[in-house]
Amino acid sequence: MTHEQKWQELAELYALGVLDGDDLTVFREHAAGGCSQCQQTLYETQTILGALPHTLTPLAPSPALKERLMAEIADQGPLGVPSGFSALVRPLSWGLAGAIAVAAAVFWLSGQNLKPEPSQAAKAGVHSTEHTRLLSEESVKMLAVESEDSSQTIYGKLVWNFRRCGGCLLLKNLLRIPPDKAFQLWGIDERQKPVSLGVFTADQNGNAHVDFHGLKNPENFTVFKITVEDHGGALAPTTQPLFQARV
Amino acid sequence: MAASNPIQLIQNIVAKDVKSFEQFYDTYSGLSMTMAMRILRDSTRAEEVVQDVFLEIWNKAAQYQSKRGAPEAWIIVLTRSRAIDKLRGSKNKDQKTVALEETLESVLHIPQGGAAFAGMDVRLHVSGLMEKLSNEQRTALEMAYFDGMTQTEIAQTLALPLGTVKTRLRDGMQRLKALLYQHEGNQP
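Protein chains in written order, with my numbering: chain A, 36 to 282; chain B, 465 to 652.
Now the structure itself:
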């Protein structure tokens, strides 16, 4: 077996998902080097494997499943996640969810040189000790959102909890953009690979709020950037970022 | 806002267009259910997988990248990964399903010259495809693809040397490839 045949065999078995043990380790190290021949083999094998489900007798899920699914997404907010901060903290208790929300609000308001009314804090039902506990978590970071262009003043905070695989972006004083455009938030890792974290628009006062969660390898993000894209969002940034928040 | 192009549908789903999501579900839920049922052989658990897959699509449509494969391939990989996770039990989830998704997420990039292969509509060519493999090849491939077994597990289950299993799997895939190319009018 030649050197090329060896890697082709491993690539085919890898695409099939059967590699384990040393074979898996060796192939991963090889593929990480960017072998174009292996990429070709992986791609072709995936295409072939894509035929296999079509060899089965077609089935359909029950109509009840569609009803449940549509009801589930209807329960979610316009950004596709439960309203408020619950998407970020879904795995957490509601108490902790409240703590995150209020902690973010406290920081947000402090950034605006405003103080929350005591009654508002009481209404939230969260005590300062909870804020302290939350903010003492090593994985929680409060990032300042900065303008890439000094002519644009922006007030923004990004609550980032890589351990919870999510976060929340709060922005004020956003510029107006055409109705067929939208803002898009990106997480960018050390390899400069952008991951879309959500598409959003501002309200009439220029305020916006984005929750994001369920990310893969979120600890690798080094910077968050915001671009203006077509209304449905883009698969990768197509314009220069307007704002950024560095981790 | 609903469209018929699946990639356009995904872009609309990114913008939280419910009608596009419904159209996408109507198009692909059968494929997802078929795949999940084959792996799990239990309609309740299969529907749980389909629900998880489509909720993931609703929430993470922005992560789809067309250059890494057609929407159908995305559905298949998601369904297979989630169903195998469920089959093995969440506590036993190992690196295998991670590897399945890696092939689309981080390792696989469509290379130069891949576009022609991508244009192949495999649905047109699969009738009786598996029956054209030898029993040994078909069994090994089904254990790998639908039962989520690793090469070592297949070897242990069939009481065969690991090398024999690898050969059967590779020969089976080469045969499938040749059959698909044959239908497509290309040379492998």
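We put the CB at the ideal spot given by N, CA and C, even for glycine.
| Asked | Found |
| --- | --- |
| Identified DSSP bridge partners for residue 177 of chain A | A/194 |
| Alpha-carbon spacing of residue 553 of chain B relative to residue 498 of chain B, whole angstroms | 20 Å |
| Residues, ordered as in the chain, of the region 485 to 499 of chain B that lie near chain A by beta-carbon distance below 9 Å | 485, 486, 489, 490, 493, 494, 495, 496, 497, 498, 499 |
| Cutoff 6 Å; reference residue 479 of chain B; Cβ partners in own chain excluding five residues on either side | none |
| Any chain A beta carbon closer than 9 Å to residue 412 of chain B | Lying outside 465 to 652, the shown extent of chain B, residue 412 of chain B is not represented and no answer is given. |
| Neighbourhood of residue 630 of chain B by C-beta distance below 7 Å, restricted to the same chain and skipping five residues each side | 615 |
| Which listed residue (A/176, A/235, A/269) has its alpha carbon closest to that of residue 256 of chain A | A/176 |
| Within 9 Å, strictly: CB atoms of residue 230 of chain A and residue 527 of chain B | yes |
| Cβ pair count under 8 Å reaching 3, the region 621 to 635 of chain B against the region 61 to 77 of chain A | no |
| Opposing strand residues paired with residue 206 of chain A [DSSP bridges] | A/191, A/243 |
| Under 9 Å between C-beta atoms of residue 183 of chain A and residue 219 of chain A | no |
| Cross-chain neighbours of residue 261 of chain A in chain B, by beta carbon under 9 Å | Those within 9 Å of residue 261 of chain A in chain B number zero; the least Cβ separation is about 14 Å. |
| Alpha helix (DSSP H) runs contained entirely in the region 480 to 524 of chain B, provided each spans 4 or more residues | 482 to 504, 507 to 524 |
| Residue-chain proximity (residue 553 of chain B, chain A), Cβ-Cβ < 9 Å | no |
| Interface flag, residue 506 of chain B vs chain A, CB-CB below 9 Å | no |
| Buried/exposed call for residue 280 of chain A, threshold 16 Cβ in 10 Å | buried |
| Between the CA atoms of residue 490 of chain B and residue 474 of chain B - distance to the nearest angstrom | 13 Å |
| Under the three-state DSSP convention, the category residue 598 of chain B falls into | coil |
| Best match in B/642, B/482, B/607 for proximity to residue 48 of chain A [C-alpha to C-alpha] | B/607 |
| Residues in the region 93 to 110 of chain A having any Cβ partner in chain B nearer than 8 Å | 93, 94, 95, 96, 97, 100, 101, 103, 104, 105, 107, 108, 109 |
| Of the listed residues A/246, A/201, A/45, A/50, nearest to residue 79 of chain A (C-alpha basis) | A/50 |
| 8 Å contact criterion, which residue 246 of chain A and residue 203 of chain A should meet: CB distance rounded | 5 Å |
| Start and end residues, beta strand (DSSP E) containing residue 280 of chain A | 278 to 281 |
| Neighbour-count burial assignment, residue 543 of chain B, 16 or more Cβ in a 10 Å radius | buried |
| Residue 148 of chain A classed as buried or exposed, judged by whether at least 16 other C-beta atoms fall within 10 angstroms | Caution applies to residue 148 of chain A, whose pLDDT of 34 falls short of 50 and renders its modelled position unreliable; the value that the coordinates give is listed next. By the 10 Å Cβ count, residue 148 of chain A comes out exposed. |
| For residue 482 of chain B, the nearest candidate out of B/518, B/494, B/504 (CA to CA) | B/518 |
| Residue burial classification, residue 217 of chain A (beta-carbon count within 10 angstroms, cutoff 16) | buried |
| Any C-beta of chain B under 9 Å from that of residue 283 of chain A | Here chain A comprises residues numbered 36 to 282, so residue 283 of chain A is not present and cannot be evaluated. |
| Three-state secondary structure (DSSP) of residue 257 of chain A | strand |
| Cα-Cα separation between residue 86 of chain A and residue 540 of chain B, rounded to whole angstroms | 10 Å |
| Rounded straight-line distance, which links the Cα of residue 201 of chain A to that of residue 125 of chain A | Annotation note: pLDDT 38 at residue 125 of chain A (below 50); position unreliable, coordinate value reported separately. The straight-line gap from Cα to Cα measures roughly 10 Å. |
| Interface residues of the region 55 to 66 of chain A facing chain B [CB-CB below 9 Å] | 55, 56, 58, 59, 63, 66 |
| Neighbour flag for residue 533 of chain B against chain A, beta carbons, 9 Å | yes |
| Of the listed residues A/98, A/282, A/241, nearest to residue 197 of chain A (C-alpha basis) | A/282 |
| Option nearest residue 241 of chain A by Cα separation, candidates A/190, A/269, A/266 | A/190 |
| Amino acids of chain B, ordered along the chain, whose beta-carbon sits closer than 9 Å to that of residue 234 of chain A | 478, 479, 480, 526 |
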